[in-house]
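Student: Listed in order, the protein sequences are those of chains Y and R. Quick note: the first sequence uses our numbering, first residue 1, plus one each step. Quick note: the second sequence uses our numbering, first residue 1001, plus one each step.
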Amino acid sequence: MKLGKRSGSAVVLTAVLVTAATGCSNKAQDSGGGSAASGDASEVTTDVGVEGNTINLGVLTDLTGVFAALGNDITNANTMFWSDNKVCDTYDVKLDVQDTGYVPQQGVQLYSGMKDSILAMQQTIGSPINTALAPEYTSDQIVNFPSAWAQTLTEIPGTGVVGATYAVEIANGYDYMFQKGLLKEGDTVGHIYFEGEYGANGLAGTQAVAKEKGLKVVEAQIKSTDQDMSSQITQFKAAGVNMVALTVAPTQLASAAVAMEAQGLDVPILGSNPVFAPGLLAGPAANKIKQDLYVASPVSAFDQHEDLLKQYQAAYPDATPSLGVLVGVGMSELMKQVLDSACDNGDLTRQGVLDAFNGLENVDTNDVVVPIRGFEPGKSPSLESFILQPADVPGGAKVVQDAFEGQFAAAIAG
Amino acid sequence: MTQFLSLLLNGISLGAMYALIALGFVIIFKASEVVSFTQGSLLLLGAYSIARLSEPIGFYPAVLVGILLTALAAFLIERLVINRLRGAPVISLAIVTIGVDIILLTELIRRIGSDILNVPHPWGSESVRIGEVGISQNRLIATGVAGVLIIVFFAAFKYSSWGVAMRASAEDGETAALMGIRLGRVSALAWIVAGALAAVAALFLVGAPTPGVSAAAYTVALRAFPAAILGGLDSTGGALVGGLLIGLAESFAAGYQDQLLFLGRGFGDVVPYVVMIAVLLVRPSGLFGTKELTRV
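(1) Residues in its own chain within less than 8 Å of R:Tyr1273 by CB, not counting five upstream and five downstream?
(2) Using 10 angstroms around the beta-carbon of R:Thr1175, count the other beta-carbons present and answer buried if the total reaches 16, otherwise exposed.
(3) Is R:Leu1023 buried or exposed, if buried means 16 or more other CB atoms sit within 10 Å of its CB?
(4) Can you name the residues of chain Y whose CB is closer than 9 Å to the CB of R:Arg1265?
(5) According to DSSP, simplified to helix, strand and coil, what is R:Pro1226?
(6) DSSP on Y:Val44, reduced to helix/strand/coil?
(7) Please classify Y:Lys310 as buried or exposed, where buried requires at least 16 neighbouring CB atoms within 10 angstroms.
(8) Give the DSSP-derived three-state secondary structure of Y:Ala150 in the structure shown.
(9) Measuring only between beta-carbons, confirm whether Y:Pro284 sits less than 7 Å from chain R.
(10) Measure the CB-CB distance between Y:Gly330 and Y:Thr365 and report whether it falls below 7 Å.
(11) Taking C-beta to C-beta, are R:Phe1029 and R:Ile1192 nearer than 7 Å?
(12) Are the Cβ atoms of Y:Leu153 and Y:Val143 separated by less than 7 Å?
(13) Excluding five sequence neighbours on each side, which residues of the same chain lie with their C-beta closer than 7 Å to the C-beta of R:Glu1078?
(14) On the DSSP bridge assignment, give the partners of Y:Ala121 in chain order.
(15) The beta strand (DSSP E) with R:Leu1076 in it runs from where to where?
(16) Tell me which residue opens and which closes the alpha helix (DSSP H) that R:Ser1136 is part of.
(17) Select from Y:Ser272, Y:Pro284 and Y:Leu270 the residue whose C-alpha is nearest the C-alpha of Y:Ala262.
(18) How many angstroms separate the CA atom of Y:Ala164 from the CA atom of Y:Val275?
(19) If you draw a straight line from the alpha carbon of Y:Lys94 to that of R:Ile1095, how long is it in whole angstroms?
(20) List, in chain order, every chain R residue whose beta-carbon is nearer than 8 Å to that of Y:Gly279.
(21) What is the residue span of the beta strand (DSSP E) that Y:Met243 lies within?
(22) Helix or strand or just coil, what does DSSP make of Y:Tyr294?
(23) Which value, in whole angstroms, describes the spacing of the CA atoms of R:Leu1178 and R:Ser1160?
(24) May I ask you to report which of helix, strand or coil DSSP gives Y:Gly173?
(25) Using the C-alpha atoms, what's the distance from Y:Gly414 back to Y:Lys2?
(26) Are the beta-carbon atoms belonging to Y:Thr138 and Y:Pro157 less than 7 Å from one another?
(27) Report the partner residues of R:Ser1127 according to the DSSP bridge assignment.
(28) Which residue wins for smallest C-alpha separation from Y:Pro269, given the options Y:Ala239, Y:Gly190 and Y:Asp92?
(29) Name, going along the chain, the residues of the stretch 255-277 of chain Y whose beta-carbon falls closer than 8 Å to a beta-carbon of chain R.
(30) R:Gln1003 touches chain Y at which residues, Cβ-Cβ below 8 Å?
(31) With hydrogens ignored, establish whether the beta-carbon of R:Ile1192 is closer than 6 Å to any heavy atom of the ligand FAD.
(32) Can you tell me whether Y:Lys336 is buried or exposed, with buried defined as 16 or more other CB within 10 angstroms of its CB?
(33) Any idea if Y:Gly378 is buried or exposed, counting beta-carbon neighbours within 10 angstroms, 16 or more meaning buried?
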């Protein structure tokens, strides 16, 4: 972890002043890790959300709505992470977990209830809620980690998308398909995508790659409530597609896979990270999915983090862990590095945390999440993605390609 | 040609399921003149019960219990809510059913979460190939079951005393009551049947090619609504024809969306409503609906 140029003079000035006044060193800046040097809370400036040696962070998640299973996993992982970690070895972190039920209005109300007691937002689930809260997060100088990867979220100051945006992610997926010979220049690709930001962003990735590689793209836009992908697959088959790309939800993946089998469309599937859920492996689409689905993902899988899996299963014996656990741990690790850096700078005020966030560069989360190059407005925070394939393992998927930057990523990432 | 036939077959099978759900709307409307908006959540209840029970008690018993449970839920809605409001304007009753629907739906969505529950259909995702065209066995069976059920109800309305009582009470409740028809019983039975039909539709809706119970299954019922309306809300035959029309229109609009691009992306989603409006402009009571005659 290094401080970047963008952190500006404020951080430097604050750091110099605090160092001079207190003798608190900044050695974490060049130590490359998250450990901090300052040991005494009284040496650090604070404003909202820090009481004594406790930092309060907000969590707006979904425990009862449509993304409840994912929300539970991410939130459990947040809680597990902070029960084992402290900010610069001094501060405990307390999470204020609130359930939005995936309703933006509910999210806005819950935030207004917690905003005077929290320093930053550990998690805000879903693009709609993040978008609804963007003006408030901006004016309150809130550092926030969303569990969505849409390009528009990168425009919100202080909001750190945990990995590559959907466009970069799927472009990396294409790169993998080309490398493995599953797709060739000039081929035809059918892309089913949701209307709205998620789908549009995924499609943008496909279009960018298509332009480079002379692919012909058959586009099929659907609503998130559409269930039956038979007609779209029929259309793709008639067009003679060589690959199907999906920027949809697991339900549509299941339908597309079954329809492809029924209609004899024997081509690989490339999916954006939200398309996959372990539950699919118990359904009729399992065989096709295990054989032909490749998922471009900002997080790794449990086969590379068995210790995390064990830790999670010990903490939550009744849960069926999904890859949401890795998202949760990854975003907590990012928050820890931001707060450690702010603490090293002697400034745990909201402004100080925001400055530390803006100054992060080349963040490593022990390969739980892809390497983050830094958070700049409008730019994909990462150029890299993992490629996963479904398998009968905890979390439902294994890594077939470690985090890598595809040839199209830099051009799309901004 | 293959694409056309494939879309045609998919449209018919989709339409058959819409017809089953639309039939539920029709039966309740015929018995009580209430437009029931609860079919969506009843459908989801059926799917959820079958999925949850399949593992512990096996597939077929789970189907049976799922259908019974859904019928029971519909019966309770009728007894506890609709029956107590008898005599209230039908528009109020329709709004009340929206409220009941939201309550039931919210609870089911909470229980389902973002999980995908699978129903272990014995026919799985096997498909049948007719020449170049493939269709899932699940859809084929669904089409058959829908056809049989619709014929059975068509006959029941025409010839059984229950059917006559139902038609009489829909026509003129007061006179029917004076003639000794027990309106409450007719209405309760209609709701039970509609609940059971929703569960039967659900059983096939959560199989290939749309496997898994998720909250989105609910929205299928909303698409069956235009089917019931354009067929004529009081006509069983209309439910069938309306369902097929909507299913075909949707399948073709989605399959030929590139050719329909001048209408904008996502046209397939609005097709059911475009068809409904087009039909209603020509025939305000729907294709087979009874024309309202008012003597002045």
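For every residue, glycine included, the Cβ atom is placed at its ideal position computed from N, Cα and C.
Tutor: Quick answer:
(1) Pro1226
(2) Exposed is the call here.
(3) buried
(4) Glu195, Glu219, Ala220 and Gln221
(5) helix
(6) coil
(7) Residue burial is scored here from C-beta neighbours: Y:Lys310 has fewer than 16 other C-beta atoms within 10 angstroms and is therefore classed as exposed.
(8) coil
(9) Yes, because at least one Cβ of chain R sits closer than 7 Å to the Cβ of Y:Pro284.
(10) yes
(11) no
(12) no
(13) For R:Glu1078, where only same-chain residues beyond five positions count, the Cβ hits under 7 Å are Ser1187, Ala1188 and Trp1191.
(14) One detail in the question is off: residue 121 of chain Y reads as Met in this sequence, not Ala. DSSP output for Y:Met121 lists Y:Gly58 and Y:Asn144 as bridge partner(s).
(15) Note, R:Leu1076: premise wrong, no beta strand (DSSP E); alpha helix (DSSP H) at Phe1059 to Ile1077.
(16) Taken as a continuous stretch (DSSP letters only), R:Ser1136 belongs to no alpha helix (DSSP H), being part of the beta strand (DSSP E) at Val1133 to Ser1136.
(17) Y:Pro284
(18) 16 Å
(19) 45 Å
(20) Asp1115, Ile1116, Leu1117, Asn1118 and Gly1212
(21) Met243 to Thr247
(22) strand
(23) 20 Å
(24) helix
(25) Per-residue confidence for Y:Lys2 stands at a pLDDT of 43, beneath the threshold of 50, marking its modelled position as unreliable; no derived number is given.
(26) yes
(27) R:Ser1136
(28) For the record, residue 269 of chain Y in the displayed sequence is Ile; it is not Pro. Comparing Cα positions, the closest option is Y:Gly190.
(29) Ser255, Val258, Ala259, Glu261, Ala262, Gln263, Gly264 and Ala277
(30) Thr234, Gln235, Lys237 and Ala238
(31) Annotation note on the ligand FAD: not contained in the displayed structure, which lists no ligands.
(32) buried
(33) exposed
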